[in-house]
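Since the structure comes first, as structure tokens, the remarks are kept for the end.
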Amino acid sequence: MKVIGYCAEPLCIITELMEQGSLYTLLHNTHAYLSPLTKIQMIRGITNGMMFIHGRKIAHRDIKSHNILVNSNNEVKITDFGISHQTQSTMATFTQDGKGTPQWMSPEILDYKSKHVNYFKADVYSFAILMWEVFSEQVPYHEKEWNQFQMINAIMEGVRPPTQALKDCPRKIVELMEKCWSTDPSARPNFTDIYPIVRSDLEWSVSPWRIPESLSSSFGSMRGT
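If you count the sequence shown from 1, position 156 lands on 156 in the UniProt record's numbering, and the numbers rise without skipping.
In structure tokens form, the structure reads like this:
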């Protein structure tokens with residue numbers, strides 16, 4: 001995000017205006033229409049930003065729709081680095097401090113017994129939940145009548161948001177989500193692996209100009225006559 005200036009008293013920074021506010025607000029409060037293509041472009045933008053951040057050995061640690069801002073052109077910017085962590089190693093000691101939001105947090109972060117957590121892989125998990133949220137336009141686990149303790153236990157036991165709730169989501173993205181939210185952190189891809197997938201030619205799979213199967217079969221019958 002472009003920083004325009006800062007103020008010492010009160011302490012604050014001035015950034016470019018993101019007219020639509022947070023992605024959370026856009027998805028769940030304003031209910032603005034987002035085409036499948038726009039959603040893919042948003043996912044690409046977030047992936048590109050995370051690849052940049054991780055490339056500088058910085059783990060965000062709080063990836064969720066609240067921390068993604070959207071401008072008038074539906075371009076996204078990652079924000080709120082208040083609990084980000086820079087490390088020369090992929091592994092770091094985790095202290096149970098309640099940071100983050102359970103719906104988007106990885107099982108190993110939620111497990112108070114975890115002594116060493118790969119924050120970068122934890123970011124990948126959160127990104128997967130965010131992808132699901134973007135395509136479903138629903139808050140993760142909204143259909144569950146869980147208290148926070150029940151939610152944490154369910155996530156640690158492998159419960160994930162239902163992919164059947166997704167609309168107009170390319171199969172490649174669904175498969176990517178499932179890899180990224182694996183319970184095993186080592187099974188999750190890095191953002192350098194994710195980027196080529198979201199940069200691939202996914203537009204055709206959600207294109208409004210795609211010929212429906214019913215018409216396609218009709219054309220095939222016509223060619224055969």
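Here a beta-carbon is modelled for each residue, glycine too, at the ideal position from N, C-alpha and C.
Per DSSP, the unbroken beta strand (DSSP E) holding Cys7 starts and ends at 3-8. In the structure shown, Ser22 adopts extended strand secondary structure according to DSSP, grouped into three states. Taking the C-beta atoms as reference points, Asn67 is found nearer than 9 Å to Ile78. DSSP, reduced to helix, strand and coil, places His60 outside both helices and strands of the structure shown, so it counts as coil.
If you draw a straight line from the Cα of Ala154 to the Cα of Pro107, it comes to about 9 Å. Assignment of Thr15 by DSSP, reduced to helix, strand and coil, places it in the strand class. Straight-line spacing of the CA atoms in Ile40 and Tyr6 works out to 33 Å. Here His31 carries a coil assignment [DSSP, helix/strand/coil]. Here DSSP, grouped into helix, strand and coil, assigns Leu69 to strand. Taking 9 Å as the cut-off, the Cβ atoms of Glu75 and Ala128 do not count as close. With 16 or more other Cβ atoms from the protein chains shown falling within 10 Å of its own Cβ, Tyr125 counts as buried. Ile173 is the residue among Tyr141, Ile58, Ile173 whose C-alpha sits nearest the C-alpha of Pro36.
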